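Every letter in the sequence shown is one number past the one before it in my numbering, and letter 7, counting from 1, is 40.
Positions of the beta carbon are idealized from the N, C-alpha and C atoms, including for glycine.
Source: prediction; values computed, not measured.
Right, one structure below, let's go through it.
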Amino acid sequence: MARAPVAVLGIFVADLAFRAPRLPLMGETILGQGFKDGPGGKGSNQAIAAARAGGDARMITRIGRDTFGEMAQKAWAADGIDTSAVVIDETAPTGAAFIFVSTETGNNAIIVESGAAAHLSPDDVAAAEAVIASSRVLITQFEQPTVTALAGLTMARKHGVITILNPAPAVEVTDAIYGLCDYVTPNETEASALTGLPVVTEDDALAAAKEFVRRGAKNALITLGGKGALLHGEAGTHMVPAFKVPRVVETTGAGDAFNGGFAVALAEGKSPVEAIRFGCATAGISVQRPGTAPSMPTRAEIEALLASG
Ligand code: RIB
């Protein structure tokens with residue numbers, strides 16, 4: 034089967050991940066229990082997840098001409114990602130992310146500086162029209178300017194491409210953006226920040242999902258970590274449970290794993306619920322490994338987990 038084409042409009046940054054029992058207080062220094070650098074950025078992580086899950090992933094972004102930019106090119110080449118819509122920005126460095134990973138829970142806290150990708154513009158989207166038009170799905174996030182995400186979703190709609198907005202990190206946007214989304218995929222925190230509603234229980238998630246639909250999204254898909262994901266909209270209302278995993282090592286990038294896997298499955302024509310299960314399996318494997326992009330599973334691994342039930 035030909036690999037299903039998925040365009041990813043987003044950023045690459047170098048992840049600098051520190052493991053420690055807790056974050057330091059202001060003015061305090063604490064000793065770490067591990068450090069690792071590697072490829073990151075939500076867009077790039079989603080492209081790598083999509084490629085390993087069996088998709089023909091195409092990256093639309095900007096990077097600098099520097100060591101972190103070389104890290105990006107190496108990571109994309111290793112996973113066969115199309116880089117014809119990647120611009121080398123001569124005026125800005127590739128970005129980086131500070132990632133704190135709790136040695137107690139595997140949970141994370143992140144500061145991301147988008148670097149060259151902060152200059153990703155609607156003109157870059159226009160230049161990538163052929164890449165978008167020939168894709169089945171376009172996925173974007175909010176780590177580059179929101180006006181660029183809006184341009185990407187608009188371009189995808191023009192060509193009948195399925196649109197996914199992963200609104201991460203949550204930033205203020207006009208409601209008009211939701212009208213361009215076939216799927217909007219926040220986690221609980223983002224759903225709460227964007228709707229102003231508390232999102233703790235499944236009922237809360239449904240109320241938030243209804244709010245995204247009221248604002249114009251065809252479907253809202255709220256990811257609920259270890260509980261799974263709740264879908265509401267044209268595709269109906271479904272709670273899809275997460276896969277039980279023996280040990281969570283690191284949750285950083287789990288949302289990207291989910292979104293990358295979900296995008297490929299949709300691009301292959303799977304039903305929304307099947308695509309969510311595929312996304313949950315992708316994320317369920319990634320949380321058992323350290324790192325973000327490096328933790329993304331292969332198609333064979335995803336299928337083995339799906340087959341095991
Ligand atoms: O979703 C995880 C990603 O968010 C990290 O790779 C980090 O770079 C930030 O962009």
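- Per DSSP, residue 299 is one residue of the alpha helix (DSSP H) stretching across 287 to 300.
- For the pair residue 190 and residue 196, the CB atoms are nearer than the 8 Å cut-off.
- Counting along the chain, the unbroken beta strand (DSSP E) around residue 252 starts and ends at 252 to 256.
- The alpha carbon of residue 271 has as its nearest neighbour, out of 40, 305, 104, the alpha carbon of 305.
- With fewer than 16 other Cβ atoms inside 10 Å of its own Cβ, residue 156 counts as exposed.
- The way I'd put it, the stretch 65 to 74 does touch the stretch 322 to 340; three or more beta-carbon pairs between them come closer than 8 Å.
- Distance from the C-beta of residue 143 to the nearest heavy atom of the ligand RIB is below 7 Å.
- About 5 Å separates the CB atoms of residue 118 and residue 164; that is less than 8 Å, so the two are in contact.
- At a threshold of 7 Å, residue 46 counts as near the ligand RIB, since its beta carbon sits closer than that to one of the ligand's heavy atoms.
- Uninterrupted beta strand (DSSP E) stretches at least 3 residues long and entirely within the stretch 118 to 175 occur at 127 to 135, 141 to 148, 170 to 173, given in chain order.
- Taken from the Cβ of residue 251, every heavy atom of the ligand RIB lies 7 Å or farther away.
- Bridge pairing for residue 69: 50 [DSSP].
- In this structure the stretch 134 to 142 touches the stretch 45 to 56; the number of beta carbon pairs closer than 8 Å is three or more.
- Between the alpha carbons of residue 243 and residue 284 lies a distance of about 27 Å.
- In this structure the stretch 227 to 243 does not touch the stretch 292 to 302; the number of beta carbon pairs closer than 8 Å is below three.
- Counting only runs of 4+ residues, the alpha helix (DSSP H) found wholly inside the stretch 80 to 123 occupies 100 to 111, in chain order.
- Look at residue 40 here: in three-state DSSP terms it is strand.
- For residue 115, the closest C-alpha among the options 265, 90, 318 is that of 90.
- DSSP places residue 249 in the coil class of the three-state scheme, outside both helix and strand.
- Using a Cβ distance threshold of 8 Å, residue 339 and residue 310 count as a contacting pair.
- Rounded to the nearest whole angstrom, the C-alpha separation of residue 187 and residue 173 is 12 Å.
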